[in-house]
């Protein structure tokens, strides 16, 4: 038997958690057709001697919804061995969207996901090429993509599409709910993986208004996800917050029977007043009672770089509501206002313990007006100058036209607690946020970080466990049916890496987005090859396929390539 591609001499870790073994893999027609030793000839052979051969990684929590329209390579996910991504998380997306609402969708993504308006407007252009959700999926399929893509229908664009701009302000009427239910059904039938929503207080949209999903009462959400059992497939992704609690998530799981994955179970979250241990206990209890509810965890410390021009990380505080609604000059006036400063100082000084700790760990990342303060803690510089940290931060911001950058640790800084979450069998790895917050963080590298830091350096996880966390586990939770395992008949999505060197490189700031917008990126280390549907996409850290040529990725309708 001649193969299209053969991978030889490697150590196979198949994604199931089973022990590793030596073997070759034969691929034909985009699928694995043979695993063993002494396989036949092939038109192309990858030598994996000394390397691990694993299923391509599955990233269930990305925000490439807009980027996929200008970046068919979906950088930087494939750099780190990711061969399948899920879009539409947290209920955000760009379809369905009427032409009149495009500016509002763009501004919402700017505010809530930290995306550059310049990049969005330049990258999407004037003619998006779609309006409805089915048209959006067709557009993705027609354009082509380097890796595989599944899409969730987002509650926010859905509400805006049906209700108009009042979607940010009020509950839906009965006829509007009926129209939204019909659109949910249409989306699921044409290939959506499921439905996504958010009630997170920090999800603040244009002019400081709540994102549309936050204005939806729980009964509306019940009505919309009630379509899932009627159609017979689909999962639910949501955030956890004060208006959508674990009790309500449990109710949705009972009523729909659908798998639910919520974002995110983080250790010591600065903006979460409830204990992650309590959330973990509740999640374990639900799973033990047979309810398919899976919290997402992240292996990385969650650090946000922010500017007071767009202080996303602070906008969940009511104090910042006027800031969210203000233009540039309005923000400057607010930051100079003694009353605002006094209130901010009080908030800083009297925050609950986790938030107080985060405030005290803020680092001045960049300040063109005074380079001497860079990479120093805000509280240390303030103490040396005899001023309050809030006043120093605002003064530095004003001195740089609000361009000064601050780095704030938000969660996952106690590695003993993070290890406990990663090791819990009820969790699913998520929250890379790839495609979002591009100038503020870069966690699209979490797969190689997990392998380098938690497996090799910390020895907290075996390679077999970590590979399962990156492959079959997320695929199963999100209903991705023919990916995540190395077995005969499965799609040939494969990553080859060196276990002795694999890791995520340091973050660096680049300007490679449309509109000359910037982002943080991390190069992968130790990733030798990435194969998508039997086609070699990357070798030795470089693309080997021209981004303008036909690409091997597929749109996963209902979790499977057509």
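In full-length UniProt numbering, the protein residues as written are 1 to 562.
Cβ atoms here follow ideal geometry from the backbone N, Cα and C, with glycine treated the same way.
On a predicted model such as this, the values are computed, not experimentally measured, just so you know.
- prompt: residue 559 to residue 192, Cα distance in whole Å?
  reply: Near 8 Å, if we compare the C-alpha coordinates of residue 192 and residue 559.
query: So residue 111 packs on residue 206, CB below 8 Å; how close in whole Å?
result: Indeed, because the Cβ distance is near 6 Å, the residues count as touching under 8 Å.
message: Rounding to the nearest angstrom, what Cα-Cα distance links residue 295 and residue 550 in this structure?
response: So the two alpha carbons sit approximately 36 Å from each other.
message: Closer than 7 Å to a non-hydrogen atom of the ligand SAM - does that hold for the CB of residue 173?
response: This structure lacks the ligand SAM; in fact it carries no ligand of any kind.
task: Could you check which residue in 120, 180, 532, 486 has the C-alpha nearest to that of residue 436?
output: Across the set 120, 180, 532, 486, the C-alpha of 120 shows the shortest separation from the C-alpha of residue 436.
field: Nonlocal neighbours in the same chain, by C-beta distance under 8 Å from residue 185, ignoring five residues either side
entry: Here residue 185 has 227, 230, 231 as same chain residues with Cβ atoms under 8 Å from its own Cβ, once five neighbours each way along the sequence are excluded.
field: The alpha helix (DSSP H) enclosing residue 177, as first and last residue numbers
entry: 174-190 is the span of the alpha helix (DSSP H), which, as asked, contains residue 177.
query: According to DSSP, what are the bridge partners of residue 34?
result: The secondary-structure analysis by DSSP pairs residue 34 across a beta bridge with 26.
query: When we look at the beta-carbon of residue 328 and count the other beta-carbons within 10 Å, is it buried (16 or more) or exposed?
result: So residue 328 ends up on the exposed side.
field: Cα-Cα separation, residue 371 to residue 405
entry: Take the alpha-carbon of residue 371 and the one of residue 405: they are about 12 Å apart.
message: Going by DSSP in three states, residue 304 sits in which element: helix, strand or coil?
response: It is a strand residue.
query: Would the segment 131-145 and the segment 100-107 be scored as touching if the rule is three or more Cβ pairs under 8 Å?
result: Segments in contact, no.
message: The alpha helix (DSSP H) that contains residue 474, what's its start and end?
response: Looking at the DSSP string, the run of the alpha helix (DSSP H) that includes residue 474 is 472-477.
task: Spell out a yes or no on whether the segment 155-165 and the segment 87-97 are touching, meaning 3 or more CB-CB pairs, one atom from each, closer than 8 Å.
output: Below 8 Å, enough C-beta pairs join the segment 155-165 and the segment 87-97 to call them touching: three or more.
- request: Determine the closest residue to residue 211 out of 199, 150, 222, with distance taken between C-alpha atoms.
  value: When only C-alpha atoms are compared, the closest one is 199.
Start and end residues, beta strand (DSSP E) containing residue 57: That run of the beta strand (DSSP E) goes 57-59.
field: Contact set for residue 463: own chain, Cβ-Cβ below 8 Å, skip 5 residues either direction
entry: By the criterion of a C-beta distance shorter than 8 Å, residue 463 is surrounded in its chain by 13, 20, 52, 451, 455, 499, once the five residues flanking it on both sides are discounted.
message: Need the endpoints of the beta strand (DSSP E) that residue 412 sits in, please.
response: For residue 412, no beta strand (DSSP E) run applies, since DSSP gives it neither H nor E.
query: By a C-beta neighbour count over all protein chains shown, 10 Å radius and 16 as the cutoff for buried, is residue 220 buried or exposed?
result: Classified as buried, residue 220 has 16 or more neighbouring CB atoms from the shown chains inside 10 Å of its CB.
message: So residue 494 and residue 55 are supposed to be a Cβ contact under 8 Å. How far apart are they, rounded?
response: Indeed, because the Cβ distance is near 7 Å, the residues count as touching under 8 Å.
query: According to DSSP, which residues form a beta bridge with residue 82?
result: For residue 82, which the question treats as bridged, DSSP gives the partners 57.
field: residue 563 versus residue 553: straight-line alpha-carbon distance, rounded
entry: Here the chain covers residues 1 to 562 and nothing more, so residue 563 does not appear.
- prompt: CB-CB under 7 Å to residue 321, same chain, minus the five flanking residues each way: which ones, in chain order?
  reply: Correct list, in chain order: 208.
- prompt: Mind checking residue 166: buried by the 16 CB within 10 Å criterion, or exposed?
  reply: It counts as exposed.
message: I need the DSSP call for residue 552, collapsed to helix, strand or coil.
response: DSSP, read as helix, strand or coil, puts residue 552 in coil.
query: Are the beta-carbon atoms of residue 88 and residue 152 separated by less than 8 Å?
result: For residue 88 and residue 152, yes; Cβs fall inside 8 Å.
Coarse secondary structure for residue 147, derived from DSSP in three states: DSSP places residue 147 in the coil class of the three-state scheme, outside both helix and strand.
message: For the beta strand (DSSP E) containing residue 194, name the first residue and the last one.
response: Residue 194 -> beta strand (DSSP E) spans 194-197.
query: Just how far apart, CA to CA, sit residue 340 and residue 319?
result: Distance between the alpha carbons of residue 340 and residue 319: 8 Å.
query: Quick one: Cα of residue 291 to Cα of residue 238, how far?
result: About 16 Å.
message: Residues in the same chain with beta-carbon distance under 8 Å from residue 256, minus the five sequence neighbours each way, listed in chain order, please.
response: Cβ contact annotation for residue 256 (same chain, cutoff 8 Å, sequence separation greater than five): 225, 226, 228, 229, 236, in chain order.
message: Less than 8 Å between the beta carbons of residue 485 and residue 84, yes or no?
response: The Cβ-Cβ distance between residue 485 and residue 84 does not fall below 8 Å.
Exposure label - residue 511; buried when at least 16 CB within 10 Å: Residue 511 is exposed by the Cβ-count criterion.
task: Pick out the complete alpha helix (DSSP H) segments inside the segment 344-404, 4 residues or longer, and give them in chain order.
output: Segments of the alpha helix (DSSP H) lying fully in the segment 344-404: 353-360, 378-385, 389-399.
- request: Determine the burial state of residue 546: buried for a count of at least 16 other Cβ atoms within 10 Å of its Cβ, exposed for fewer.
  value: Residue 546 should be labelled exposed.
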